[in-house]
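Written out below as structure tokens is the structure these notes cover.
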Amino acid sequence: MKEITLTINGKTAKGREGDTVLEVCEAGDIHVPTLCHLKGITDVGACRMCVVEIEKERRPVPACTYPARDGLVVQTHNEKLEKYRRQILELMFTERNHLCAQCVASGDCELQDLAYEYQMDNVRYPYSWPALPLDSVNEHLVIDHNRCILCGRCVRICDEVVGVHTLDFGYRGWKDTVVADLNQPLGESSCISCGACFQVCPTGTIFSKNGAYQGRPEEYRKVSSVCPVCGIGCKIEALVKDNRIVRIDSPDLTGKRGVLCHKGRFSPLYQNGERVRTALVRNRRGTLEPRPLSKALDLVAGKLADIKARYGASSIAGIASSQASSEALTAFKELMGATIKSELIDTLDGDAFRAIARGERDSKAKPAGLKEPLLEEILKADAIVLVGADPSESHPVAGSYIARAARQNGAALIVIDPVHNAFQYHANLRLSPRQGKEAVVLDLLSRAVIEKTSRSRPDGTERIATLLKDIDVSRDSKQAGVRADDLLEAARVLSKARRTIFVYGDGIMRHDDPAPITSLLNLATVAARPGKGGPRLIALTPGGNSRGARDMGLASSSQSVAKSLKNGGVKALYLLSSDDTIDPAQLSAMSKGVEFMVIQSSHLPPAKTKADVVLPSPRWTEARGKYTTLDGLTRTTSRIIRPPRGMKTDAQILSEISGRLKK
Amino acid sequence: MAKVKVATIWLEGCAGCHMSFLDIDEAIVELASAVEFSRSPITDIKEFVPVDVGIVEGGVGNTEEEEVLKELRANCKILMALGDCACFGAVGAMRSSFSKEEVLRRGYIETESTCEGKIPGPPAVPALLDQVKPANHVVKVDCYVPGCPPEAGAILYSLKELLAGRIPVLPSDMMRFD
């Protein structure tokens, strides 16, 4: 871009064509006060704090929206501008309720900082004291409209970066307020509680229930880490006081992989049940009682050795949650495999891996051509096919990418899901096959795409065409529950698209039916553009470290261990839950018929669970650990807070059991 | 040199600003040699006499407070607003979004510990104003020391400026609203 030269406060300042005056000022280290401006979102000139004088302009203009031009002569600070800014501040302070002594944000407020900077020790205007409502219906967030200066940062971040556009302005003039959807309470709106609005709010309008009145920023310690709750691996910055997390922010909200969701931003602020702080062993009366860790580990090792001696290695099964870190999973594999020599090793989401593996095996696509793209590829796509996945629940940040691609980049979105899917509202086309007929619809779509594609066909098309030669779109669409016209329209979209990305989720990851994944791989193959990098598929696997567990071969057995448990013959079960919350029904089904059961977990399992020994796990916020994202990146979490006194990591405990068994 | 005469009043505030003034510790000895207090909650003198500096703590929320503030203004050369309530209304102004009637009903009848409550009124007690106002919305104010309460250092700085014959303006790093 062309370089331009401006004169700011009598000095030369360099910028680039397309910059705003504010950007040139910032690049040249000239401080211009701002409130509504936020790097990475559109500037709107709402607050007027950044007014500057520009030669030949009749009145001051906001620097944030004024395009910089070659030769502009700009004045950022003089008596008149400073007078205006102070006046603007006084107007903001008198418009609603900005009495700092009563405000949650005092000490951490951009409006207050500016009032200090401008030595605003009084206000000359009458207060208007509107009695505006306070919305506290949302689980995590409160909106106090009395503190709002209508800067619109929340509205813009919600729309442009999060992609949900729940927030916008309602009413006009004096009555103008930020509203959710059609003026619903936030907790009953389309809000996904990602908390981006809270992070960018310059005043105390939007605040977090759990972080309110916990102290001032200078009392907090900042720790950079990564959220391992789902496989996206968002970077986080935790604010800690007295070994308690009071707030989690994104270190780069508007940057690459910067958006967080409620799981990363708010869930670590809450306890989910009673913590396991020490080893617990079931006594003769049937209750769990605390026992020194080394004694409990002796007991576990002794029991496992005994059962192995009596019934053989195949009578001991191990199931791990893929929320556990790679270190924990490695130690788990070591214990169950190398030490005990059991083949019954699995993860709680192992069925998803088996579905993917079988789907890949049966596909006519060349597995070598399958490359898992980075999540950011969604933003570069011009067509997105979402199959059996509702990321608004499972992976909200992936959902943000899809919504942004569809709404901002004009990407065509095709949703294929038998059940209600929040993304159907963003979709150009929604195909709703009958339950279990997803594979049929995907095959029909492949067939229609092959027919519509006149250009050079990607590798593998011939084999897939042969496979699908007997099906017919108009004949077979009806029994699958979709309209032939919709299928043909979807095929037209896909045959025209230059970069299509397929995103699929647990809706089609069924261990007993790999057909939908096979059909999806076939569709991705025929819809790829030759020479454009091959088919692109993203599997939204359920666990935070699913990919790590899969790469480690933890779920490589052909049958789920949970099923083996049902068939009997398993005498001992070691369940590594780590910081996961396991469905109680699944838990009781697993423990049935087992003679000895160990659960290693951060929280107490439900009261009815038949566990003979419960071993303590740190929460993910309490230990350093490696995790692999669903798109294959390695991320390392930091120890944000100290675990309860004397607690060992999952890997240490598992290795100590291995050590005892090897003796 | 003749001592500088000072009067202070305590309106709709919590006395915290007067307390914070006492937090200037040993500096009070030096100040005492230069300053003479007349009417003030500290001296318990009730009558106004003409003074050099008047200091007001608290917002203006009823007719009596309005009158007292006007009387101080009439009797002083320089008027200083001390603390957030005098500068902005602050804590007392929490009631300003509600009507007078709502506030009185809540305070004297609906409070959980009240039975058979009765709303008092003039002439027994002064009538409430519709809203709690900062001092400068009632009379002319010459200088301001915000803070809830202002730090002793900010108060001392402002008094020393006055003694040196200057109108104090708190520098940014001494500004506090809480």
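Going down the list, the protein sequences come from chains L and W.
If you read the first sequence in this note's numbering, its first letter stands for residue 1, the second for the next number, and so on.
If you read the second sequence in this note's numbering, its first letter stands for residue 1001, the second for the next number, and so on.
Glycine included, each C-beta is placed from N, C-alpha and C at the ideal position.
- Between the C-alpha atoms of W/Met1094 and W/Lys1133 there is a straight-line separation of about 11 Å.
- Within chain L, the residues whose beta carbon sits less than 8 Å from that of W/Gly1089 are Leu99, Tyr127, listed in sequence order.
- Any Cβ of chain L closer than 8 Å to the Cβ of W/His1137 would place that residue at the interface, and such an atom is present.
- Between the alpha carbons of L/Lys175 and L/Cys36 lies a distance of about 19 Å.
- A Cβ-Cβ contact shorter than 8 Å links L/Thr94 with L/Tyr125.
- For the pair W/Arg1039 and L/Arg244, the Cα-to-Cα distance works out to about 50 Å.
- W/Lys1160 and L/Val123 have their C-alpha atoms some 24 Å from each other.
- Contact between L/His77 and L/Asn9 holds: their C-beta atoms lie close to 7 Å from each other, under 8 Å.
- Restricted to the stretch 573-638 of chain L, the alpha helix (DSSP H) segments that are unbroken, complete and at least 4 residues in length are 584-591, listed in chain order.
- The secondary-structure analysis by DSSP pairs L/Leu429 across a beta bridge with L/Ile414.
- When L/Gln424, L/Leu467, L/His31 are compared, the shortest CA-CA separation from L/Ser363 is found for L/Leu467.
- At a cut-off of 8 Å between C-beta atoms, L/Ser106 counts as an interface residue with respect to chain W.
- If you draw a 10 Å sphere on the C-beta of L/Asn522, you find 16 or more other C-beta atoms in it, and that means buried.
- Per DSSP, the unbroken alpha helix (DSSP H) holding L/Asn567 starts and ends at 561-567.
- Per DSSP, the unbroken alpha helix (DSSP H) holding L/Phe93 starts and ends at 79-95.
- Listed along the chain, the chain W residues whose CB falls inside 8 Å of the CB of L/Gln112 are Phe1177.
- Not flagged as an interface residue toward chain L: W/Asp1023, since no C-beta distance is shorter than 8 Å.
- With its beta carbon at least 8 Å from every one in chain W, L/Gln87 lies outside the interface.
- Given a length threshold of 3 residues, each whole run of the beta strand (DSSP E) inside the stretch 184-231 of chain L is given here in chain order: 206-208, 221-226.
- Per the coordinates, the alpha-carbon of W/Glu1064 lies some 59 Å from the alpha-carbon of L/Leu6.
- With a contact defined as Cβ atoms closer than 8 Å, L/Gln424 and L/Val415 qualify at about 5 Å.
- Where W/Cys1017 is concerned, the enclosing alpha helix (DSSP H) starts and stops at 1016-1022.
- Residue range 21-27 is occupied by the alpha helix (DSSP H) that includes L/Cys25.
- Partner residues in a beta bridge of L/Ile157, as assigned by DSSP, do not exist.
- In the DSSP annotation of this structure, the continuous segment of the alpha helix (DSSP H) that includes L/Gly659 starts and ends at 650-662.
- Neighbours of W/Tyr1157 across chain L, judged by C-beta separation under 9 Å, do not exist; the nearest C-beta is about 13 Å away.
- Remark: C-beta atoms of L/Ile307 and L/Lys571 approach each other more closely than 8 Å.
- Among the residues of the stretch 197-228 of chain L, none has a Cβ less than 8 Å away from any Cβ of chain W.
- By a beta-carbon distance limit of 8 Å, L/Gly204 contacts L/Val104. Their separation comes to about 5 Å.
- The Cβ of L/Glu656 sits no closer than 8 Å to any Cβ of chain W.
- Secondary structure of L/Phe266 (DSSP, three-state): coil.
- For L/Tyr425, there are no neighbours in chain W by C-beta distance under 7 Å, as the nearest C-beta there is about 38 Å away.
- For L/Leu444 against L/Ser392, the beta-carbon gap comes to about 27 Å, at or over 8 Å, which does not count as contact.
- For the stretch 1089-1106 of chain W, the set of positions with a beta-carbon nearer than 9 Å to some beta-carbon of chain L reads Gly1089, Ala1090, Val1091, Ala1093, Met1094, Ser1096, Ser1097, Phe1098 in chain order.
- Distance from the CA of L/Arg265 to the CA of L/Cys227, rounded to the nearest whole angstrom, comes to 9 Å.
- The Cβ atoms of W/Cys1148 and W/Ala1081 lie no closer than 8 Å to each other.
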